[in-house]
Amino acid sequence: MSDDREETPPEQTGEQTGEQTGEQAREKAYSTEQFAFVETDSEADEEVSSWLSFMNSRAGRKVDRREQRRERRVLLGATLGLVALIAGVVFWKPWSTSGKSVDTGHHVMGADRVAVLFQVQATNSEAATSAILLHDRRGGGKGALVTVPADLVLPVEGEGRLTVRSALAEAGPTLTREALAELLGVPLVGSWVLDQTEFTLLVDRLGGIRVGGQTLTGAQALARVRNADAAKDVLTAFTGAFPGAFGAGRDLLLDFGILAAPGLPVDLLGAVVTGLSRDGAAGKLGVGVLPLDDSGHGLNVAAALPVVRDLLGGEPGEGRGDATPRIQVQLAPNAGIREPDVRADVLNAGYEYLDGGAAPAGAASVVLVRPSLPDAQALGETIAMTLGLPTSAVKLSDDVPFTADVLVVLGPRAKG
21 MSDDREETPP EQTGEQTGEQ TGEQAREKAY STEQFAFVET DSEADEEVSS
71 WLSFMNSRAG RKVDRREQRR ERRVLLGATL GLVALIAGVV FWKPWSTSGK
121 SVDTGHHVMG ADRVAVLFQV QATNSEAATS AILLHDRRGG GKGALVTVPA
171 DLVLPVEGEG RLTVRSALAE AGPTLTREAL AELLGVPLVG SWVLDQTEFT
221 LLVDRLGGIR VGGQTLTGAQ ALARVRNADA AKDVLTAFTG AFPGAFGAGR
271 DLLLDFGILA APGLPVDLLG AVVTGLSRDG AAGKLGVGVL PLDDSGHGLN
321 VAAALPVVRD LLGGEPGEGR GDATPRIQVQ LAPNAGIREP DVRADVLNAG
371 YEYLDGGAAP AGAASVVLVR PSLPDAQALG ETIAMTLGLP TSAVKLSDDV
421 PFTADVLVVL GPRAKG
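Below is the structure:
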C-alpha cells in the first residue's frame with residue numbers, strides 16, 4: 021500500500037535547513053554595541069535625575085533665586101529706561117519752538133542785539149518807507165520793529181540836514197543809516213534796501229501777508245506800505261511771513277537773490293528776520309513808531325524816548341564818533357543878545373553849536389543837560405558860565421532834542 025504523503029526532497033530540506041542556520045547565525049552576529057542607545061538613554065535619565073536633585077537641593081534653590089533676581093533687575097532697568105525716555109520726550113518737547121532744538125541762527129549774530137535799517141526804495145531812489153528791525157537773542161529771543169517817519173530830519177555827515185526820505189537818494193544807504201544810528205543812539209549793523217519791484221515780488225514769494233484779517237498781494241502791500249500810518253502793520257506782517265527756522269529763511273533770501281551788503285551778510289540778515297518771525301509768533305515782538313514833534317521834522321522827545329529806550333535799547337547821543345557836546349541854543353525875542361555872538365561863544369569854548377531857532381517870548385533862561393552824559397552837571401555849569409548865566413539855571417532833564425546834548429534857552433536878561 022502506497023503512502024500518499026509527499027516526501028520532501030532531500031535537496032529542498034537541505035536548503036531550508038541551510039537558510040534557517042544562516043538566519044540563526046545572523047541573529048547571533050548582532051553585538052551589544054548595536055544597542056548602545058539603550059545605555060545612552062539610561063545615562064541621560066541619570067543626568068536629568070541628578071539635575072533635578074541639584075535643583076531641589078539648597079545650592080540649586082540659591083542659584084534659582086539668583087537668576088530670578090537678575091531677571092528682575094533687567095526688567096526693572098528696562099522699565100526705568102522706558103520711563104526716562106518718555107519723560108525726556110515730554111519735557112524736552114523736540115517739536116516745540118523753544119530751547120536749543122530750534123534752528124535760530126543765533127550763532128551768526130555775533131552780539132546779543134542786532135539791529136538793521138530796512139528801506140523800500142521808490143522809483144525816484146527816495147525812501148518809500150523805513151523801519152528798524154531788531155532781534156535780541158537773550159531770554160529766548162525778543163525783538164522790535166519801529167517805523168521811521170520819512171519826514172524826520174537827520175544831520176547827515178557831509179550832506180547837512182536831510183529828511184529820511186531824501187537821504188537815501190542823496191547820501192545813500194550807509195550815510196543815512198549812520199545818521200539815524202547817531203541820532204537815536206542805536207547801533208545799526210547794516211541796511212537792507214529793496215526797490216519797489218523786489219519788495220512786491222518777495223511778498224508774493226512769501227505767499228502774501230495777512231493784515232487786518234485780509235491777505236495782501238505784493239502790489240497791495242506796496243500800496244499800503246507807502247502810507248506812514250499803515251506801514252507798521254504791513255511790515256510786521258511782512259517779517260511774520262518768513263519761516264521761523266533760520267536755515268529755511270536764509271535759503272529763501274539766497275534763492276530770491278538777496279546779496280550781502282556792507283556789514284550785513286545774508287546769514288546775519290536771515291538770523292534777524294527769522295528771529296522777528298519767531299518773536300511775533302511768540303508774542304515777544306515790540307512794535308512802535310518814532311513820533312514827530314509839532315514841526316513835523318524833529319522827534320517828539322517825551323513820546324520818542326520810551327520807544328528808543330524800551331524797544332530799541334538806545335540812548336540819544338551814545339555811539340557818536342565825535343564826542344564833542346552839541347549845544348542847541350534858542351533865543352527869546354527880547355533876549356538882548358545877538359545870535360552870532362552866542363555862536364562864537366559856544367564854538368570858542370570847544371562845543372558844537374546848533375541853531376535852535378526862536379524861543380517863546382518871555383521864556384526863562386535855562387540850561388537843560390541830558391542826564392546820561394558823562395559829568396552832566398559839571399558840563400552844564402561850564403556852559404552856563406560861558407554864556408553868562410548863573411549855575412542855578414542848570415537842570416538835568418531828558419527834555420532835550422535828540423539832535424543835541426544840551427539845550428540852552430536864553431530869555432530876557434535880568435536888569436541891573
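Those letters in the sequence shown? Residues 21 to 436, per this note's numbering, in order.
For every residue, glycine included, the Cβ atom is placed at its ideal position computed from N, Cα and C.
Check                                                                                                      : Outcome
Alpha-carbon to alpha-carbon, S315 and R133                                                                : 32 Å
Contact between the region 231 to 247 and the region 368 to 386 (3+ Cβ pairs under 8 Å)                    : no
Span of the beta strand (DSSP E), counted from its first residue to its last, around S150                  : 147 to 156
Helix, strand or coil at E372 [DSSP, three-state]                                                          : strand
Limits of the unbroken alpha helix (DSSP H) element including L222                                         : 216 to 225
Span of the beta strand (DSSP E) around E175                                                               : The sequence given here places Pro at residue 175; Glu does not occur at that position. Start and end: 173 to 176.
Candidates V327, G160, R197, G163: closest to V173 by CA position                                          : R197
Three CB pairs or more closer than 8 Å across the region 159 to 174 and the region 194 to 209              : yes
Minimum length 4: unbroken alpha helix (DSSP H) runs contained in the region 255 to 299                    : 266 to 276
Candidates V426, D123, V420, P410, of which the one nearest G267 by Cα                                     : D123
Whether N354 touches A381 by CB criterion (9 Å)                                                            : yes
Residue interval of the alpha helix (DSSP H) (run including V328)                                          : Premise fails: V328 is in no alpha helix (DSSP H) and is neither H nor E.
R181 (DSSP reduced to helix, strand or coil)                                                               : strand
Cβ shell of D313 (< 8 Å), same chain only, five flanking positions each side left out                      : L319, N320, V321
Which listed residue (V140, G159, D215) has its alpha carbon closest to that of A302                       : G159
Under 9 Å between C-beta atoms of T149 and A261                                                            : no
C-alpha gap between R225 and A424, whole angstroms                                                         : 43 Å
Distance, V286 Cα to H155 Cα                                                                               : 15 Å
Top-ranked residue by Cα proximity to G4, from D253, Q216, T217, L221                                      : An answer regarding residue 4 cannot be provided, because it is not within the stretch 21 to 436 covered by the chain.
DSSP bridge partner residues for Q234 (one or two, in chain order)                                         : V231
Backbone secondary structure at T196 - three-state DSSP                                                    : helix
V110, buried or exposed, once every other Cβ within 10 Å from all chains shown has been counted against 16 : Confidence is the limiting factor: at V110 the pLDDT is only 44, short of 50, which leaves the residue's position unreliable, though a coordinate-based value still follows. It is exposed - the Cβ of V110 has fewer than 16 other Cβ atoms within 10 Å.
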